[in-house]
Amino acid sequence: MSELIIPHAAEIERSILGSMIMSDEQNDKTSHILKYGCEANMFFNSQRRALFTYLVDEYREGRVIELMEFTSRLYNDASQRYGSVAEFTTCTGLDQPTSRLEQLVITLSEYKARRDIIQQTSILNRKAYSMDESIHDL
Numbered sequence: 004m005s006e007l008i009i010p011h012a013a014e015i016e017r018s019i020l021g022s023m024i025m026s027d028e029q030n031d032k033t034s035h036i037l038k039y040g041c042e043a044n045m046f047f048n049s050q051r052r053a054l055f056t057y058l059v060d061e062y063r064e065g066r067v068i069e070l071m072e073f074t075s076r077l078y079n080d081a082s083q084r085y086g087s088v089a090e091f092t093t094c095t096g097l098d099q100p101t102s103r104l105e106q107l108v109i110t111l112s113e114y115k116a117r118r119d120i121i122q123q124t125s126i127l128n129r130k131a132y133s134m135d136e137s138i139h140d141l
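Start counting the sequence shown at 4; every next residue gets the next number (this note's numbering).
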């Protein structure tokens, strides 16, 4: 039997982040990504989730991401509250054309939906084996 892997899409997460990092006034990809419904909870990886949250916060505050400054901040932040330098660097090379962003966000949301289904069925499975709950509580 093959090993089951939790559905996630690291390259899609990185591509969305790379597009946000490289977003600017002339090519505002972040607004497209948010318009398509992308949210932090769609990111499987906690470092990429933290980076997404940071980029959205900066975008909403109207601040532009300065690559060198942010890389330095990540390098000096032992808590990695915004992610890691390695993850950030990987994302910067994966900037996508605006025309692909909607499909990337849709795919990411589908992976999130699959993880939600797995989580809910796992909870239901545990309850079904437990004799502590009535069948009606399932």
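All C-beta atoms, glycine included, are put in the ideal place defined by N, C-alpha and C.
Presumed contact (8 Å Cβ cut-off) between residue i and residue j, rounded CB distance
{"i": "N163", "j": "K115", "result": "What the structure shows of the chain is the stretch from 4 to 141, and residue 163 is not part of that stretch, so it cannot be assessed."}
6 Å Cβ shell around residue i - same chain, five flanking residues per side excluded
{"i": "R33", "result": "Looking at the sequence shown, residue 33 is not Arg but Thr. These residues qualify, in order along the chain: M23, S26 and Y62."}
{"i": "L97", "result": "R17, S18 and G21"}
Rounded C-alpha distance that separates residue i from residue j
{"i": "R76", "j": "S18", "result": "21 Å"}
{"i": "R66", "j": "L7", "result": "41 Å"}
{"i": "D142", "j": "M71", "result": "The requested residue 142 is not part of the displayed model; the chain covers only 4 to 141."}
{"i": "E123", "j": "A131", "result": "Position check: residue 123 holds Gln in this sequence, whereas Glu was assumed. The straight-line gap from Cα to Cα measures roughly 12 Å."}
{"i": "Y57", "j": "E64", "result": "11 Å"}
{"i": "E69", "j": "Q106", "result": "27 Å"}
{"i": "D135", "j": "R129", "result": "11 Å"}
{"i": "E157", "j": "T74", "result": "The requested residue 157 does not occur in the structure, where the chain is confined to residues 4 to 141."}
{"i": "S102", "j": "D60", "result": "24 Å"}
{"i": "P100", "j": "L127", "result": "41 Å"}
{"i": "S133", "j": "K38", "result": "43 Å"}
Proximal residues to residue i (C-beta, below 8 Å), its chain only, five neighbours per side dropped
{"i": "L54", "result": "L20, Y85, G86, E90, F91 and C94"}
{"i": "N48", "result": "H11, A13, E16 and E90"}
{"i": "Y78", "result": "V88"}
{"i": "R118", "result": "I9, P10, H11 and F47"}
{"i": "T110", "result": "A12 and I15"}
{"i": "I121", "result": "I9 and P10"}
Bridge partner(s) assigned by DSSP for residue i
{"i": "G86", "result": "R84"}
C-beta contact flag for residue i and residue j at 8 Å
{"i": "S112", "j": "G40", "result": "yes"}
Beta-carbon proximity list for residue i, same chain, < 7 Å, skipping 5 on both sides
{"i": "Q50", "result": "Q83, G86, S87 and E90"}
{"i": "R52", "result": "A43 and F46"}
{"i": "I36", "result": "I19, S22, M23, L104 and V108"}
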